[in-house]
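Inspection log for the structure reproduced underneath, given as structure tokens.
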Amino acid sequence: MEAPKGNPKEASTAEALDPADGELDVGRAARKRAQVECLASYALQMMEPTTKVVEFGAGSGHLGLLLASQRSDCQVVLVEAKEYSADVAARRIEGTGISNCRVFHGTVDAFAATGEEFDLAVGLHLCGLLTDAVLGLARRRFAEACVVPCCYGQVATLKEDHRRGEGTAQRMHPCSKAMRMIPREAFAWCAKAADFTAGKGGAFDPKSDGFRTALKCMRIVDTDRLWTAREEGFEGMLGTLQQGCSPKCSVICVRRIPKREEADEVDAACDKQGA
1375 MEAPKGNPKE
1385 ASTAEALDPA
1395 DGELDVGRAA
1405 RKRAQVECLA
1415 SYALQMMEPT
1425 TKVVEFGAGS
1435 GHLGLLLASQ
1445 RSDCQVVLVE
1455 AKEYSADVAA
1465 RRIEGTGISN
1475 CRVFHGTVDA
1485 FAATGEEFDL
1495 AVGLHLCGLL
1505 TDAVLGLARR
1515 RFAEACVVPC
1525 CYGQVATLKE
1535 DHRRGEGTAQ
1545 RMHPCSKAMR
1555 MIPREAFAWC
1565 AKAADFTAGK
1575 GGAFDPKSDG
1585 FRTALKCMRI
1595 VDTDRLWTAR
1605 EEGFEGMLGT
1615 LQQGCSPKCS
1625 VICVRRIPKR
1635 EEADEVDAAC
1645 DKQGA
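Residue 1505 in my numbering sits at position 131 of the sequence shown, and the numbers go up by one each step.
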């Protein structure tokens, strides 16, 4: 991907938008900033003029606020199920004076029930099946997505309380036709192996054998997610966050393929500009 417009690094270190917010030590603060800045860079490349962005699992809104500050022409909605975090996000919006960002307090299903349209779904460290719920809603709304999953082991759990909406369920993976040849037990083992635990303060060695194995397993799970989108008429790619900023560093980017009518309109506009 090409370098995005705007400078998320400069914006994220501004006091009002700093994801570290003075509560973390130097090392953890730097890693947190790198996580938000890097995913913002991916998302900014996918944003067109007036794109409507929804951040799911938004917490206090680090990513969504950064995107809103970088693109005043776009609208951003922060979807957060926890009341406390939603309140913090609302206060942060008020404190920054950013007018193109708002909070929706509720689950993925609750937001979906409103029927509100959007163009791009984003999320940083979406826990377990929440990643699949967000990707599923984006596909159903013919929207794009840019997310970083987390808690891969929950994909393999049998606990019902890990359902995240949009029809997600225990042991639903592998979902893509291309990967259904893999036995579910083997896939479940792979999902659990993707959960690499960082050391004290979140530090870890990205060159260690343990992390490299975990990253390969993350890629297998996320390839299943990506191929599911491709089988439904989307395109996409896998990327990574900045090396060393997080052991959960796999980025899934899903883009819609323009319908034939839209492609013809784009071609006609380009021909007109070249005339």
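Ideal Cβ positions, reconstructed from N, Cα and C, are used throughout, including at glycine.
Nothing here was measured: the structure is a model prediction, and the numbers come from that model.
Residue range of the unbroken alpha helix (DSSP H) whose run includes residue i
{"i": "I1594", "result": "D1583 to E1605"}
{"i": "E1559", "result": "R1558 to A1567"}
{"i": "D1506", "result": "L1504 to R1514"}
Exposure label - residue i; buried when at least 16 CB within 10 Å
{"i": "M1421", "result": "buried"}
{"i": "M1375", "result": "Confidence at M1375 is low in this model, with a pLDDT of 41, below 50, so its placement is unreliable and the value that follows should be read with caution. Exposed."}
{"i": "Y1458", "result": "exposed"}
{"i": "K1533", "result": "exposed"}
{"i": "M1611", "result": "exposed"}
{"i": "L1391", "result": "buried"}
{"i": "P1632", "result": "exposed"}
{"i": "D1605", "result": "Just to set this straight, residue 1605 is Glu in the shown sequence, not Asp. With fewer than 16 other Cβ atoms within 10 Å, it is exposed."}
{"i": "K1574", "result": "exposed"}
{"i": "P1621", "result": "buried"}
{"i": "G1607", "result": "exposed"}
{"i": "G1539", "result": "buried"}
{"i": "V1427", "result": "buried"}
{"i": "A1512", "result": "buried"}
{"i": "G1584", "result": "exposed"}
{"i": "T1488", "result": "exposed"}
{"i": "P1557", "result": "exposed"}
{"i": "V1595", "result": "buried"}
Boundaries of the beta strand (DSSP E) in which residue i is found, first to last residue
{"i": "A1495", "result": "L1494 to C1501"}
{"i": "T1614", "result": "F1608 to T1614"}
{"i": "V1625", "result": "S1624 to R1630"}
For residue i, the three-state DSSP class (helix, strand or coil)
{"i": "P1523", "result": "strand"}
{"i": "F1485", "result": "helix"}
{"i": "E1389", "result": "helix"}
{"i": "V1640", "result": "Residue placement at V1640 cannot be trusted, given a pLDDT of 46 that sits under 50; the coordinates are not used to answer."}
Any C-beta of chain D under 8 Å from that of residue i
{"i": "V1482", "result": "The question asks about chain D, but that chain is absent: this structure has only one protein chain."}
Which runs of the beta strand (DSSP E) at least 3 residues long sit entirely within the region 1398-1476? Give them in chain order. 1426-1430 and 1449-1454
Touching or not, the region 1400-1416 and the region 1426-1435, by the rule of three or more beta carbon pairs under 8 Å? No, because fewer than three Cβ pairs between the region 1400-1416 and the region 1426-1435 fall closer than 8 Å, the two stretches do not touch.
On the three-pair Cβ rule with 8 Å, is the region 1587-1601 touching the region 1567-1574? yes
Taking contact to mean 3 or more Cβ pairs, one atom from each stretch, closer than 8 Å, check whether the region 1598-1608 and the region 1475-1493 are in contact. no
Counting beta carbon pairs with one atom in the region 1615-1634 and one in the region 1519-1527, are three or more of them shorter than 8 Å? yes
Say whether the region 1443-1458 touches the region 1472-1486, bearing in mind that this needs 3 or more beta-carbon pairs closer than 8 Å, one atom from each stretch. yes
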